[in-house]
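A short worksheet on the structure shown next.
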Amino acid sequence: MLHHTVLRVVAKLLIPMILLFALYVQFHGDYSPGGGFQAGVIFAAGIILYALIFGLEDTMDALPPGVLKILSPLGVLIYAGVGVDTLLLGGNFLDYNFLAHEPTHGQHLGIFLVELGVGVTVFSTMLLLYYAFAGREPGQ
Amino acid sequence: MAHAFLDNLPALQVVIPLLSAPLCLVLARWPRLVWTMCTLVTWTAFGIALALLQTVLAEGPVSYAMGGWAAPWGIEYRIDAVNAYVALIVTGIAAVVLPYAYRSVPLYIHGERVPLFYALLMLCFTGLLGMTVTGDAFNVFVFLEISSLSMYGLISQGRDRRSLTASFQYLVMGTIGGTFVLIGIGFLYVLTGTLNMADLAARLPDVTQVRTLHTAFAFIVVGIGLKLAMFPLHLWLPNAYAYAPSTATVFIASTATKVAVYILLRFVYTIMGPALFSEGIPYGQIAIVLAVMGLLTGSFVAIFQQNIKRMLAYSSIAQIGYILLGIGFASVLGLQAALLHLFNHALMKGALFMAVGCFVYRLGSMSIEDMAGVGRRMPWTFAAFVMGGLSLIGVPLTVGFVSKWYLVLAALQKGYWPLAVLILIGSLLAVVYIWRVVETAWFAKPSLRAAEVREAPLAMLIPTWILVLANIYFGVNTTMTVGVADLAARTLMESMR
């Protein structure tokens, strides 16, 4: 796709914005609409746009499927890990009050970590799905 | 530490399998480690289920607030005699299936993908346990989807390409079922503004818009009916069981429909029962008609199957008919019989599918024709199959007899003596289809294929025989099953008053 100059320039301008917006949705999710799921989808959409225009190979070089295959379960482990941590600290499963000295801070930290887990899993799974479909040889 | 463990048993029942599923993927490079971990996880889960059942029997229902949010607002895990009993079935079967999987899975799935299979199996296990222990109606739907999605994946892993169509068929039917359940739960939420099961049960009798309630009931029953393969909604089941890998078949056949039956009981009796059954609409009789049709057609069609796994799958549809029959009686004795058959059918179908998995492992074929004479080459597997078959027929000293005995008692108590005759006819039909296999496998001249096989590996035979012996043990010593089923049936009937 080397000859599509307009597409390439516009994409180069847009992709950082998309990724930044994804991070905003991720980290501002506890105050405004959004959260890990939406952020993960937006972040993956940015990367997929890159892959559509600059090719699958370059994308896979930057984000190898092997890494994504670790990231995808890792997100779930972060989520469940927070729950297990609260158990060990003496609370119920996912009772964020126990994560910090003050319950409010604990709630902040808890939702932040859990949403991070969701974001990581959704992002990597979306991208793995894209790789799986885009990587198929025609007629396979 | 020990304190944290014991207080949180209801959460850990679900969380430990949930954690193991992503760990399977992280540790994918070491398949043996993955298998060891999954086995230990299922054994731990079995231990937790036993501990929970003991607590429930000693101290009454256990309630657990997820995230520390109290019951009607937060998600509550609530365990009483009914779901402690179902959790015991699910974890018990899983604890036997995992050792069996060690040799059986590589036959279907190669190399790198084995850990993925275990991840799916653990997710399915998580989903089923979550549906069982939760006390929140929406949480049921979430776990229903977790277990269903992983089940579609498990079924599609068969050797035959037909497993893909079977899985897709189930995907379509299962998604419709799941959506119906969600719509039904949505209606209940609109009516009452709550999702907690106990809270729903308390508020529904005061509801004035009865038509919405009836619609919710219809959606939920049809949705769950699809999941548990109730008679006219059973068409996905035979192919799904037949073409899935042996391990997946054993696990799904002995747990998934059981949990669906439990959800049906929970919704119909505990949640909506008090509001609906005072109106005098004959729900019980409708269930009985469907149950009898399922029972007879399932058994009858099973007789004409060429594929042994399909034959057992149709027999499962018939057995679900027995369970529904007990539920339809709407009496303590009927529910007790249904709950007993839940447990007993898990044991006998588990044993039968495991024995068939051993045959398939050596023969490489599922057709009854190819099994000619194989019984003499694989005597232990064959003996296990015969014992499982006897239990399915309902011969005394096996579990099948216990549940059928209670079912006949419940039918006679209600004065439905023709139903008692139909139950016996169902058993006779089971004699016919089990005998067909026995005759071919033992008395026929060995086929070329069968002449070369030897006994199944011990790693598969031992779990099979554990289930076979359980069939006999619980058929002789019925104190535990009958006692718990009786308590569970009373718990369910109490909410109706």
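Chains as they are written, first to last, in this note's numbering: chain A, 4 to 143; chain B, 629 to 1125. We put the CB at the ideal spot given by N, CA and C, even for glycine.
Alpha carbons only, please: which of Y989/B, V1036/B and W671/B is nearest the one belonging to I737/B? Y989/B
Using a Cβ cut-off of 8 Å (strictly closer), state whether P76/A contacts chain B. So yes, P76/A belongs to the interface.
Please report how far the alpha carbon of F845/B lies from the alpha carbon of A1117/B, in whole angstroms. 21 Å
V117/A touches chain B at which residues, Cβ-Cβ below 9 Å? Under the 9 Å cutoff, chain B gives no residues; its nearest Cβ is about 10 Å from V117/A.
Compute the distance between the beta-carbons of F859/B and G954/B, then report whether it is under 8 Å. no
Identify whether S995/B lies in helix, strand or coil by the three-state DSSP scheme. Here S995/B carries a strand assignment [DSSP, helix/strand/coil].
Cα-Cα separation between L892/B and L112/A, rounded to whole angstroms: 39 Å
Candidates V1049/B, S959/B, R1082/B and L828/B: closest to F766/B by CA position: L828/B
Interfacial residues, the stretch 52 to 74 of chain A to chain B, with Cβ spacing under 8 Å: K72 and I73
G1028/B burial status per 10 Å Cβ neighbour count (16 or more: buried): buried
What residue range is occupied by the uninterrupted beta strand (DSSP E) comprising E140/A? Premise fails: E140/A is in no beta strand (DSSP E) and is neither H nor E.
Do three or more CB pairs link the stretch 715 to 724 of chain B to the stretch 116 to 131 of chain A at distances below 8 Å? no
CA nearest to the CA of V887/B, picked from A979/B, F753/B, R839/B and V960/B: The shortest C-alpha separation from V887/B is found at F753/B.
May I ask you to list, following chain order, the residues of the stretch 91 to 104 of chain A that have a beta carbon less than 9 Å from some beta carbon of chain B? L91, L92, G93, G94, N95, F96, L97, D98, Y99, N100 and F101
Determine the burial state of P650/B: buried for a count of at least 16 other Cβ atoms within 10 Å of its Cβ, exposed for fewer. buried
Within chain A, partners of N711/B - CB distance below 7 Å: Here the premise fails: no neighbours, minimum Cβ distance about 18 Å.
Spatial neighbours of A1039/B in its chain, beta-carbon cut-off 6 Å, leaving aside the 5 residues before and after: Contacts found: L1047 and A1048.
In chain order, what residues of the stretch 683 to 696 of chain B put their CB closer than 9 Å to some CB of chain A? Y692, A693, M694, G695 and G696
Just checking: is the beta-carbon of N767/B within a distance shorter than 8 Å of some beta-carbon in chain A? no
Are the CB atoms of M750/B and S775/B nearer to each other than 8 Å? no
Does the beta-carbon distance from V984/B to L940/B come in below 8 Å? Against a cut-off of 8 Å, the Cβ pair of L940/B and V984/B comes out as a contact.
Between V960/B and V896/B, how many whole angstroms is the CB-CB distance? I'm expecting something under 8 Å. Contact flag wrong, Cβ pair sits at about 15 Å.
Neighbour-count burial assignment, P1007/B, 16 or more Cβ in a 10 Å radius: exposed
Does DSSP classify E704/B as helix, strand or coil? strand
Within 10 angstroms of the Cβ of D64/A, are there 16 or more other Cβ atoms? Answer buried if so, exposed if not. exposed
Determine the chain A residues that contact A639/B at a beta-carbon separation under 9 Å, and present them in chain order. G86, L90, N95, F96 and L97
Contact between the stretch 690 to 700 of chain B and the stretch 816 to 830 of chain B: three or more CB pairs below 8 Å? yes
Of the listed residues F769/B, L918/B and Q682/B, nearest to G802/B (C-alpha basis): F769/B
Thinking A54/A and I21/A are a contact (beta carbons under 8 Å), I'd like their distance in whole angstroms, please. At roughly 13 Å, the Cβ-Cβ gap does not stay under 8 Å, so A54/A and I21/A are not in contact.
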